[in-house]
Each structure stands twice: as structure tokens, then as C-alpha cells.
Amino acid sequence: MLRDRLARKTLAALAAAAAMCVALAESGSALVYPTAPRTNQVDDYHGRQIADPYRTLEDTDNPATRAWIEAEVKLTGQWLAAIPQRDAIKRRLTQLFDYERYPAAALTNFSHGFIWSYAGAFSAGSHYFLLRNSGLQNQSVLYTVDAQGNRPLVLLDPNTFRKDGTAALCGLAPSRDGSLLAFGTAQAGSDWCEWRIRNVESGQDLPEVLQWTKDAAPTWTADNRAFYYVRYPKPPEGQLLTAVNRNPQVMLHRVGEAADRDQFVYEDPAHADSGLGPVLSADGRWLIVHVDLPQNSSRNMLYFEDLSAASPRMAPLTPDPKGLYDYAGSQGSRIYLRTTDGAPKGRVIAIDLSRPGREHWEEVVAETPDSLDHAVLASGRLLLSYLHNAHARAVLYSLETKTTSEVAFDGIGAANWSPAEPDSSELFYSFVTFTSPAALYRLDLRTGRSTVLRHSQLSFDAGQYQTDQVFYPSKDGTQVSMFLVHRKGTPLDGRNPTVLYGYGGFNVAISPSFSPALVEWLEMGGVYAEANLRGGAEYGEAWHLAGARHNKQNVFDDFIAAAEWLIHNRYTSTPKLAIFGGSNGGLLVGACLNQRPDLFGAAMPAVGVMDMLRFHKFTAGAGWVGEYGSPDDPEDFKTLLAYSPLHNIRKANYPATLITTSDHDDRVVPGHSFKYAATLQEAQQGAAPILIRIETRAGHGAGTPTSKTIEEFADRWAFLVKVLDFNPKL
């Protein structure tokens, strides 16, 4: 009873505070922010006492937290709604998103960067599949098509799962003959993926449902009657969005059987915080399991098992890993791997699993000056996808003749490749640039020629805009590349509203990408800059390591130097410059905001990792220790504390900041952004607003409905119109 009365009083007090905030905002006065629940929490880190006064905000379901969320949502919503240009911005965004497009589908394990993807079109056996969005559909629809991409028939429409569009596909895995499709669905942006099986001919689902999976797509057996997948223990009751995800298991599911009859195959207790990824060789004989190493993001282990043996036994293939190893394909007992072992920018090696010792490993394709980011074997050829100065380059390498042929791309862009079987005679890929949406291609491996299957159409004159790549020196003299996109003839007078985007981590390359939201920013008269910071994969493993763990400050230095270059070269000026990044990029924005609040006119940290002393205590966070270091290690603790966005906020005149997060984010839990927002609001000494936008029934970003994406970017661009003080071209 007492607890209920206190909760009601808290709710009433915070509601009153919110009303006061809105009234002050409308009158033009400095904002008065809702009072966040405080505690006297103090933690001991290696003998150092660190206060965590907003610990309550980690608990999303706490009544005081819910009241604070409601007050912040009301304040931010009314502040944004009062911007006169917002409605026009939203109308144009809605027009721009209303175009036929063919998006790629991807499933990413954030702990080690393993990426499964389909490039909008793919095949299995004699079946062909196409992902298409007619325009404003919240989720893209999967069709079956003929070999030329025509005669589409709906196979799977996620828009029928929920009226609000917040149920999304989180994975696709066709059987090898294409007769069955395993498909995963996620609710409200969650990383948890629930798998079902659909008969491709009849369109009917089989009765079994597989739960508590994430990160890795299933791999089918050669007889199309079973698949291997990864399952986690069910989280404790009430901790679905926060419990640490540990102890994954590789399981075997047989079609037509209940999930509780699935067969245990493998787990790795020595690496309980690892992510697992099973792959089966083309002949179905060899099972290979990818095991990331949470303590070292630059290495992973591979295990393998001969399923034809009388007593199959999992054995280490890389017992002493010296790099990253990614499966590219197989021919009999011979498997091909893309690896950074002995080659920081990547090479391809072959291992005969009948004699797997390192002394028998063979180099197939040597390291080149460009970074090798993907390889796939098909029809006796290796498709090698490279990053040349952070944009796409690809070649076909013949295993027989040892010769290569270039795959031609039109402009500075990025390619996304669908998987293929070794006997496939074709590959499917998509290609985008900053100003042209995805086009789908079929690559004939016999002739090496690409033909267009589908090309997205958009009511946007790309010829009015240009993309340039520049190189600038960071603090230590390192040359860093940056893409610049803007209207042709943009005057270099220092008055252009500019968004500077960055990520810089987890060996993830930031390459050109297309978004209708970016088109709107360009039409409004904005400049877009994207920096290829250290910590990413743009220039190989050495580039990644130069921005990881104790080298993380290099990433912030690179980003700050990018801002200084833009200002020095008069693309923009401090009052017109906004910085933007999400997830690890949200961390980037938060850290740079603390280090140089004087340099930026606005900041937009999204779903950021903000508490570097507790990130490893939630969901997938333990898997990030290899990238960031561990707060439990005394030396790592010093590094983390030195830049942690939450712990380096001080009383200062901060620029306008729009923090964004989602109440169902179970990758970077919203408590990061909640605590950061409350602390920054308390520390703000100037009049610029510190706002937090909290989305409901949404997660880390994957599967976000089109309607929510439009709303979010309408708010972002309206926010920048007001705080950067410019009149957009609408």
C-alpha cells in the first residue's frame, strides 16, 4: 500500500514537472526537465568509488522510470510539434519513401560482426525469391519469381503479422532444393527471433515453432529434411530485455517434429559469452561451427565435425587462432575461408578437412592493397568483394585458371551479395550509391556478365547532386577518408547545415548507402558527410585494431578532426554542424560531445552505448568486451572511464542534443540513453535543449516499420532546422 501511494505521488509529481516543461518551452524560456528518480548508488571499481545516481532508470518497468519516460515523451513531442516546418518535412519524406524498392535482408551478430544477408534476390534449387516493398508498406514482402525476376507471387507478407507493422522478418533460410523456407520473425524490434517453416509450393506453415534464437540463421542439411540452428536458454521471467545472453547451443531440428525434440549438437562452455554460427558443407558431410571470442574481437575459432563418422566428434579447426576466419564454400572435404590470419587486409585459404593441420593449409588468393570483406564460392569461382577506399570493388577468381575478372560497378557505392551453393551458375547482388537506390543484378558465372533484374524508381533528380571522397589528417597525422554528398554548386561559405555521421568500431565498414531520408536532407539544402573512422573494417584489421580497446580515443580524434576539416574548408561552421551516430556510433557522438562541446551546433546520439562501466551486464553486452575491454580489468577500467559518455559529462554549455532510443531495444538497452539523458539535462548550463525521443514497440533499428522511420526522420530534420537555424528548401 505504501509503495503504491509513493508510486502515485511520483507519477503525479513527474506529470506536473512535464507540464511545467512544456509551458516553459512554449513561452521561449529555458527548459525545465522532468526530475529523474535518484538513488545513492555508489560502486567500487578497483578501489575507486563511482556514483550511479540514476541506476533506477535501468529498470524500464519501474513505476518511477515509466513516469519519467512519459514526462520526457510529452516534453519532446510537444517541443518538436511546435516546429512549423515539421509537417512539410514529413509530407516530403512520405513522398520519397513511397517508391518501389528491393531491400536486402540481413541478420547481424553485433558481438562479432558475423553478417548473414540476402541481396533482395536469391535462389535455392529451382526456386527464385525476391524481396519487394511497394512503397509505404511497413515491411517488405517476400515473393517467388521466375529466373528473370518476373511473375511474382506472394510467399510471405510480414505486414499481415501485426496491423502496426512492428512484427518483422529477422531471418530467411531456404532449404537447399528451395521447397521449404525457414523464416524468423521478431516483435517490436527485438533481437529475439522466432522461427517457423513454410512450404514454398503450398504457402502453408508447418506446425513447429522454434524460440529463443538470435544472431545466426539456420543451415539446412543436404537432404532438406533438417537444419542446424542456435538456441539460447530462456531468459528469467521479467528479464527478457535485460538478462545477459550466455551459453548458446547448436541444435538440430528435424522438419515436422516439435521443438522440444530438437537434438543438442554443440556448446562451448569455455566461451559462454560467445556467439555461435553453424555452417554445413555442400555435400552435407562436414559441420563447421563459427565461435567468436568475446575477449578478442580480432579472432574467432572454427570447430568441425565429420557427420559421416561412426561417432562424430567436434574438434577445433583453429585451436590457435591468429585472425578471423569466415566460411566461403566447399568442394568435397576442401573448404575455403576468408581470413585475416597472416593478412590484415584479408586473403583466401583452403583447408582439407581430412588433414586439417595448419601445415597443410594453402593460400588460394593472396592479400591485396584493398580490404577483402566477403568471399563466396560458386561454379569453380570465388567471388571476392573488396573495399577500395571504403567503397565496393569485386572480382571473380577462377580456381582452375588462377585468373581474375572485374565486376563493373556504376559509381562510388556498396554491393551486397546473396549466398550461393558451389554448383550455382549465378550470383545475385544489389548495388547502391548515396543518391541511387538499390538495383538488383544477376551475375552469370559462365560469362561474367551482369544483367539488371530490378531497379528501384524514385522521384528524385540525382543529377543535381554530387558525391566526393576526401582525405584529411587526424590528430596523430593518420589520413582518414570521408564521403561528402551535397547539391552541385553548393557555396563554400561556412553556412551550409551539415550532418557528420560516424561509427568507428566492431570491424564494421561504413560504406555508401541509400536512404530517402538522406535525399530529403539534400533537398533541404543540407550537406552530408560520412567519415571512415578507425575501428572499422574499411582498411583491414590493422585499421580496426587502431580504434579498439586502449586505442579507442583514436576514433574520437578522427571524428573531431573530420568536423574541424569541414569547418576549415568552409563546408560549414560550428553553429551549422550536427553530429550523428547510432549504437557504437551513439557512443562516438556522446564521447565527442563531452570532449569538444564547443565544436558542434547539435548532436544526435542514437541507441548509444553510453555507460562503459556496465555495458557488459546486459543482453549481448558481454560479447563486446573484446572490442571495448572489460570494466572488471583494472587497466581496461582506466581506459573506459576516460571516455565513457555517461561518466564524463560535466557542467558545461552543451549544444542542442536529441537523444533517441527505443523501449524494446534488447541489444543496447534503453537504460544507457535514459541515464545519459538525465545526467546531461542536469549538467546543461546553456539554453540549448537536451531532449530524448523514446520510441515504443521498437528496438535497435532492425525491422523498424516504414511509418516509424518517417516519423523519426521528420523529427530529426525538424530538430536540426530549429537548432541549426536555417530555412530549408521545402
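Converting from the sequence shown to our numbering requires adding 227 to each position, the first position being numbered 1.
Think of the CB as a built atom: it goes at the ideal place given N, C-alpha and C, for glycine as much as any other residue.
No experiment lies behind these values; they were computed from the predicted model shown.
- Sorting 877, 792 and 517 by C-alpha distance to the C-alpha of residue 804 places 792 at the top.
- By the criterion of a C-beta distance shorter than 7 Å, residue 590 is surrounded in its chain by 574 and 576, once the five residues flanking it on both sides are discounted.
- Each of 787, 517, 715 and 621 was checked against the Cα of residue 700, and the nearest Cα belongs to 787.
- With a 10 Å radius around the Cβ and a threshold of 16 neighbouring Cβ atoms, residue 913 comes out exposed.
- If you ignore the 5 residues before and after residue 744, its C-beta comes within less than 6 Å of the C-beta of 940, all in its own chain and listed in chain order.
- Here residue 661 has 694, 712 and 739 as same chain residues with Cβ atoms under 6 Å from its own Cβ, once five neighbours each way along the sequence are excluded.
- For residue 692, there is no enclosing alpha helix (DSSP H); the residue is part of the beta strand (DSSP E) that begins and ends at 692–700.
- Counting C-beta atoms within 10 angstroms of its own C-beta, residue 377 has fewer than 16 neighbours from the protein chains shown and is therefore classed as exposed.
- Residues 521, 522 and 843 of the same chain have their beta carbon placed closer than 7 Å to that of residue 852, with the five preceding and five following residues left out of the count.
- The secondary-structure analysis by DSSP pairs residue 478 across a beta bridge with 456 and 491.
- Contact check between the segment 504–523 and the segment 539–554: three or more CB pairs, one atom from each, fall below 8 Å, which counts as touching.
- Rounded to whole angstroms, residue 865 and residue 899 show a C-alpha spacing of 19 Å.
- Counting other Cβ atoms within 10 Å of its Cβ, residue 285 reaches 16 or more and is therefore classed as buried.
- Note on residue 684: under 16 other CB atoms within 10 angstroms of its CB, so exposed under the neighbour-count rule.
- Under the rule that a run must span 3 or more residues, the beta strand (DSSP E) segments found entirely inside the segment 807–879 read 829–833.
- Shown here, residue 948 sits in a helix according to DSSP, grouped into three states.
- The secondary-structure analysis by DSSP pairs residue 322 with nothing; it has no beta-bridge partner.
- Within the same chain, Cβ atoms closer than 6 Å to the Cβ of residue 625 are found at 608, the five residues on either side in sequence being excluded.
- Put simply, the segment 311–323 touches the segment 932–951. At least three CB pairs are less than 8 Å apart.
- Shown here, residue 936 sits in a helix according to DSSP, grouped into three states.
- When DSSP states are grouped into helix, strand and coil, residue 679 belongs to the strand group.
- Boundaries of the beta strand (DSSP E) harbouring residue 883: 883–889, taken from the DSSP string.
- In the displayed model, residue 562 falls within a strand according to three-state DSSP.
- The residues 455, 477, 478 and 479, in chain order, have a CB closer than 7 Å to that of residue 492 in the same chain once the five nearest residues on each side in sequence are set aside.
- Secondary structure note for residue 293: its alpha helix (DSSP H) is the uninterrupted segment 290–308.
- Every candidate alpha helix (DSSP H) stretch fails here, since none sits fully inside the segment 489–560 while reaching 4 residues.
- By the neighbour-count criterion, in which a residue is buried when 16 or more other Cβ atoms sit within 10 angstroms of its Cβ, residue 585 is exposed.
- Beta-bridge annotation (DSSP): residue 414 is paired with 394.
- Within the same chain, 330, 358, 359 and 360 come within 7 Å of residue 367 by CB-CB distance, once the 5 residues on both sides are set aside.
- Counting only residues of its own chain and dropping the five nearest sequence neighbours on each side, residue 572 has a CB closer than 6 Å to the CB of 594, 598 and 767.
- Sorting 536, 562, 528 and 532 by C-alpha distance to the C-alpha of residue 568 places 528 at the top.
- The beta-carbon distance between residue 761 and residue 781, rounded to whole angstroms, is 5 Å. This is short enough to meet the 8 Å contact definition.
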